[in-house]
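Spelled out as structure tokens, the structure:
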């Protein structure tokens, strides 16, 4: 394994933040990502770039950047070891008290690190701090995420509410508890890491600021590896719920997975019954200490976020199944829907 002059252990130079950027065939974007971090208003950092056996010009670009700025440590794997191995190696090499993540095709505004470090220093009980983000490239728009620790914990039961490349993490806290990225969760390794953190008693929050610009393009992991991501995310979600004593039938798992990964959903009568069963099981979840502060959050979440009916009729049928409206009210809406259309 070629480290090209970089030590295989953490640097002895103490810094506040180690920024880890794994890069694989990222020649098109990596320089933009690196230069955006080099102009951070918080300057006490090292930038650890791990070229994971790229076959394009990534390593050449990374070496050039390292020669220009002494804060950059360039590390290279002779062969492609995969994102999980690269991230764990980066954590082992990191000299900073805090670890910031950045992808080789994204970028952050100059105040990102200053904002996150200031939050950490004022909130010692928080282990991971992420932020809202903004999409650019093939897709544009704002990504708004749950902010409080309790809201993030609730959302983690169902999907990943943290943008990986937006986070700052407390390195020592993770190391002391043996928390690392796990190969079994490939393509959802960040989701798995957050679950490990909260199940070990750690708090995760999102700042309302947009501290990340997230590039969407044809090679984005969430597009090119969607099937694997859905599989591992589903396993993480079901494992969490099972550990809390919430077990689903095969049919319930199928509909829950469908609700998670479809943009819109039309509910049949039989599926409404399954949704009601899921809803009841979620409301009866045992509440972990310090996790879910309000029992109704789970019900509100499953009803308002997951279930996106295609029509008013679907919505009425769903609300009836969930016990949110009375049969007479549903009947009135149905009559208006059927006879009110041209």
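Numbering (the working numbering), first residue to last: 797 to 1138.
Built from N, CA and C at the ideal position, the CB exists for glycine as well.
- With a cutoff of 8 Å on beta-carbon distance, residue 924 and residue 887 are scored as not near each other.
- Residue 1040: not part of any alpha helix (DSSP H); DSSP gives it neither H nor E.
- For residue 986, DSSP assigns no beta-bridge partner whatsoever.
- Residue 1008 sits close to residue 929, with the two beta carbons spaced by under 8 Å.
- Distance from the CA of residue 1032 to the CA of residue 948, rounded to the nearest whole angstrom, comes to 15 Å.
- Shown here, residue 967 sits in a helix according to DSSP, grouped into three states.
- Burial is judged here by how many other beta carbons sit within 10 angstroms of a residue's own beta carbon; residue 879 has at least 16 and is buried.
- For residue 913, the uninterrupted alpha helix (DSSP H) run begins and ends at 908-918, by DSSP.
- In this structure residue 837 is in contact with residue 907, their Cβ atoms being roughly 5 Å apart against a cut-off of 8 Å.
- Rounded to the nearest angstrom, the Cβ distance from residue 902 to residue 961 is 5 Å, consistent with a contact under 8 Å.
- The residue among 984, 983, 992 and 866 with its C-alpha nearest the C-alpha of residue 976 is 992.
- By the 16-neighbour rule on beta-carbons within 10 angstroms, residue 971 is exposed.
- Between the alpha carbons of residue 934 and residue 1010 lies a gap of roughly 11 Å.
- Residue state for residue 827 is assigned as helix, using DSSP reduced to three classes.
- For residue 810, the closest alpha carbon among the candidates 842, 994 and 822 is that of 842.
- Contact between residue 860 and residue 921 does not hold, since the beta-carbon distance rounds to 41 Å and is not under 8 Å.
- The beta carbon of residue 816 sits closer than 8 Å to the beta carbons of 844, 846, 883, 886, 887, 890, 895, 896, 897 and 898 from its chain, once the five residues preceding and following it are set aside; these are given in chain order.
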